[in-house]
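Everything below concerns the one structure shown next.
In the numbering used here, the protein residues as written are 294 to 412.
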């Protein structure tokens, strides 16, 4: 990676701590009606997705995130996110994608805040 001395890296630009989840959160693409992958880590501005297929970059997705338990009376929540970066796993066959929330409804925000606070 060619980064100048004064240019911040992706890690320095990140403002919120990432939270790795112990529970599996499955993610679905509502527009295509298919499973995208699962959440690896999460915060109130975005998530990292692990998927079997590469995710199209710089695309906005309408997502359903299914919870393994009921949280705040919800078993899943909905939000819009844009894919910002992508990397194939070292072993191959799986793909990491960073997604930034474009629209995060208040009920979804409360679920995420509760999940990251309880870890």
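We put the beta carbon where it would ideally sit given N, CA and C, even for glycine.
What does the Cβ neighbour count give for residue i, buried or exposed, with the cut at 16 atoms within 10 Å?
| i | result |
| --- | --- |
| residue 390 | buried |
| residue 376 | buried |
| residue 386 | exposed |
| residue 335 | buried |
| residue 362 | exposed |
| residue 356 | buried |
| residue 401 | buried |
| residue 295 | Because the pLDDT at residue 295 is just 40, under 50, the model does not fix this residue reliably, and the point stays unresolved. |
In chain order, what residues of the same chain lie with their CB nearer than 8 Å to the CB of residue i, ignoring the 5 residues before and after it?
| i | result |
| --- | --- |
| residue 396 | 372 and 373 |
| residue 404 | 360, 364, 365, 367 and 370 |
| residue 345 | 330, 386, 387 and 388 |
Spatial neighbours of residue i within its chain, please: C-beta separation below 7 Å, excluding the five flanking residues on both sides.
| i | result |
| --- | --- |
| residue 328 | 319 and 321 |
| residue 343 | 330, 331, 333, 387 and 389 |
| residue 347 | 379 and 388 |
| residue 317 | 331 and 361 |
Per DSSP, which residues does residue i bridge with? Please list them.
| i | result |
| --- | --- |
| residue 410 | Paired residues: none, contrary to the question. |
| residue 373 | 355 and 396 |
| residue 331 | 319 and 343 |
| residue 390 | 342 and 379 |
Once the 5 residues before and after residue i are set aside, which same chain residues still bring their CB inside 6 Å of it?
| i | result |
| --- | --- |
| residue 340 | 332 and 392 |
| residue 315 | At residue 315 the pLDDT is 49, less than 50, meaning the model places this residue with poor confidence; the figure from the coordinates comes in the next sentence. Answer for residue 315: no residue qualifies. |
For residue i, tell me which candidate among the options has the shortest Cα-Cα distance.
| i | options | result |
| --- | --- | --- |
| residue 352 | 378, 359 and 404 | 378 |
| residue 325 | 349, 317 and 338 | 349 |
| residue 354 | 383, 338 and 323 | 323 |
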